[in-house]
Amino acid sequence: MATPAPKPAADHPAEPATDSGLPLKPVYRAADAGAEAPPPGEYPFTRGIYPQMYRRRPWTIRQYAGFGSAAETNRRFRYLLERGQTGLSVAFDLPTQIGHDADAPMARGEVGKVGVSISSLKDMETLLAGIPLDKVSTSMTINAPAAILLLLYELVAEQQGVVGSRLNGTVQNDILKEYAARGTYVFPPRPSMRLATDLFAYCKDRLPNWNTISISGYHLREAGATAVQELGFTMAHAVAYVDAARAAGLAVADFAPRISFFFAVFSDFFEEVAKFRAARQLWARLIKERYGVSDPRAQTLRFHTQTGGSTLTAQQPHNNIVRVALQALSAVLGGTQSLHANSFDEALGLPSEMAATLSVRTQQIIANETNVASVADPMGGSYLVEALTSQLDAGASVLIAEVDRRGGAIAAIETGFTQDAIQESAYRFQQAVETGRRVVVGVNRFQGDDEVVEIVKISPHHEREQVEALKRLRAERDAGRVEASLQGVRQAAEG
-1 MATPAPKPAA DHPAEPATDS GLPLKPVYRA ADAGAEAPPP GEYPFTRGIY PQMYRRRPWT
59 IRQYAGFGSA AETNRRFRYL LERGQTGLSV AFDLPTQIGH DADAPMARGE VGKVGVSISS
119 LKDMETLLAG IPLDKVSTSM TINAPAAILL LLYELVAEQQ GVVGSRLNGT VQNDILKEYA
179 ARGTYVFPPR PSMRLATDLF AYCKDRLPNW NTISISGYHL REAGATAVQE LGFTMAHAVA
239 YVDAARAAGL AVADFAPRIS FFFAVFSDFF EEVAKFRAAR QLWARLIKER YGVSDPRAQT
299 LRFHTQTGGS TLTAQQPHNN IVRVALQALS AVLGGTQSLH ANSFDEALGL PSEMAATLSV
359 RTQQIIANET NVASVADPMG GSYLVEALTS QLDAGASVLI AEVDRRGGAI AAIETGFTQD
419 AIQESAYRFQ QAVETGRRVV VGVNRFQGDD EVVEIVKISP HHEREQVEAL KRLRAERDAG
479 RVEASLQGVR QAAEG
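Residue 342 in the working numbering is what sits at position 344 of the sequence shown, and the numbering runs on without skipping anything.
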């Protein structure tokens, strides 16, 4: 039996506002929109980075996947590619993300649990078996050990006869957001920045078409940041990476075209569309005005989007199908370059094959049945969207200036400023849900009977098999060559 819907706690409902707290007028007029933005493909790229956007270059359907063994994840990759996915996105398990092999004591119980376990080149070979790496772009969500995982990928490509110049993809390599929101770091912030920017230099010479970093607002947003904070802190982190690379002797015009971004898309439809438009013009201005680079390739912000995992509910999980579809649509209207649509069952566990297929189909329906891809920036000129674009830009710019005033992104993390701001926003959001001021259908309003959903569970035998395989590898390899190689790495790191 359905329970009655609770009423908002306040006697008088609050005035409508966006998720970031920007007040919403009942009606928007031309005066609210400001001056008309330049066409798509022109600075500051508010309306899109290409003149015709998806007419000439559709977004990549890139579903994040990985669990259990390399063989099992390979099967899921091929399953998704057969159903029309157009790019790969690798989820690694937590031990891999912090540089632990599967047999490390700290890895126990976590091997293959939330991603694929990769402890060796052999694992990477199995993961990518039968997938031609010159025909598909691959995103790897890896940060602290990003250089190692990228090297393993490159070695598999060499085995396939694919030279580095023909490889396309991305490593996340964004260590700053790990300190601010997530936690899978190995070294302190400042030494970690050297590793991140070393990868910039390496890829310039060996993998010229590889995106060397994906600066991530997504994790900040999932930790509780507002859309304004997602933009502001992400751009502040971008400034830190650019400054670190310059200090290492790299030219902004050389490495900036290979910088990419990763944003969340939540349910406040128009604010999210406006957020992506604001992100493009923020980045273009930073590159042009702060660093004096006029090359459009450096000024254009290319980004991946994932629908909001924290917006999914365990209650009435089929409602998540609607949430994800709307979020995905707003990402497309905002001009994303690639997109992951979450599976409706992800609040309960890893996606089932049926749920993962539905996520791919969601994107295919948007791309092929709605005509939204036929027109660049179809929301451009909306008085509301233009007004929100300007407000989000202004709010993020204030936050970037505040981070600068505090000594930059690393100092803001070391003093806890960034974390405190995100946690305060998360607290306010949760308060609003629990008091009923913010409606979450099926959770605090319109509750009903529970729905039965198949839950994917990872068998513990994957961990045992992975540990045994690693033992065999250690026994069979040349221990002397391993030690000599490790000594070379130590010397290079100390140099």
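We put the CB at the ideal spot given by N, CA and C, even for glycine.
How long is the line joining the alpha carbons of residue i and residue j, rounded to whole angstroms?
i: A249; j: A243; result: 8 Å
i: P56; j: G46; result: 13 Å
i: Y52; j: V114; result: 32 Å
i: E452; j: E351; result: 10 Å
i: E34; j: G379; result: 7 Å
i: K273; j: G332; result: 8 Å
i: S292; j: G406; result: 24 Å
i: G66; j: E461; result: 8 Å
i: G440; j: T311; result: 8 Å
i: R89; j: A29; result: The question names Arg, but residue 89 is Ala in the sequence shown. Their Cα atoms are separated by approximately 46 Å.
i: R404; j: T416; result: 11 Å
i: A277; j: A353; result: 31 Å
i: G230; j: S388; result: 14 Å
i: G39; j: A491; result: 42 Å
i: P24; j: Q313; result: 32 Å
Let's see if you can read the secondary structure: which residues bound the alpha helix (DSSP H) around residue i?
i: Q362; result: 351 to 367
i: M233; result: 225 to 245
i: T136; result: No alpha helix (DSSP H) holds T136; the beta strand (DSSP E) holding it covers 136 to 139.
i: T124; result: 119 to 125
i: T71; result: 68 to 80
Let's test the definition: count the other Cβ atoms within 10 Å of the Cβ of residue i and tell me whether it reaches 16, buried, or not, exposed.
i: T413; result: exposed
i: T433; result: exposed
i: Q157; result: exposed
i: G107; result: exposed
i: S372; result: exposed
i: A482; result: exposed
i: I363; result: exposed
i: Y239; result: buried
i: N366; result: exposed
i: L484; result: exposed
i: N207; result: exposed
i: Y62; result: buried
i: G215; result: buried
i: Q361; result: buried
i: P143; result: buried
i: Y151; result: buried
i: A100; result: buried
Put residue i into one of helix, strand or coil per three-state DSSP.
i: G393; result: helix
i: Y62; result: strand
i: I211; result: strand
i: V437; result: coil
i: P294; result: helix
i: I257; result: strand
i: M377; result: coil
i: G167; result: strand
i: L310; result: coil
i: D9; result: Only weak support is given to the placement of D9: the predicted model assigns it a pLDDT of 43, under 50, and the question is left unresolved by the model.
i: S18; result: coil
i: V114; result: strand
i: R27; result: coil
i: V454; result: strand
i: A326; result: helix
i: L92; result: helix
i: M443; result: Here residue 443 turns out to be Arg, not Met, going by the sequence shown. Here R443 sits in strand by DSSP.
i: L386; result: helix
i: L147; result: helix
i: A399; result: helix
i: V431; result: helix
Out of the options, state which residue places its alpha-carbon closest to the alpha-carbon of residue i.
i: A339; options: V450, V88, I59; result: I59
i: Y177; options: R321, T16, Q297, R188; result: R188
i: G95; options: V330, D172, R321; result: A small fix is needed here, since residue 95 is Gln in this sequence, not Gly. Selected option, being the one with the closest Cα: D172.
i: Q421; options: A221, V441, A329; result: A221
i: V370; options: A329, D101, P103, A12; result: A329
i: T305; options: R283, Q314, F261; result: F261
i: L153; options: V134, L119, K133; result: L119
i: R27; options: A419, L397, Y381, S395; result: Y381
i: G128; options: N141, T303, K469, A69; result: A69
i: R180; options: L390, F253, R278, I140; result: I140
i: R359; options: A323, L386, L346; result: A323
i: P458; options: Q314, V109, I319; result: V109
i: L125; options: G159, V161, L86, G97; result: L86
i: G347; options: V383, S308, G32, L327; result: S308
i: Y41; options: R436, E287, L356, L386; result: E287
Along the beta strand (DSSP E) that carries residue i, what are the first and last residues, could you check?
i: F301; result: 301 to 305
i: G85; result: 85 to 89
i: S336; result: 336 to 338
Run the proximity test for residue i: is its beta-carbon closer than 7 Å to any non-hydrogen atom belonging to the ligand MG?
i: N72; result: With respect to small molecules bound, the structure shown includes none, and the ligand MG cannot be examined in it.
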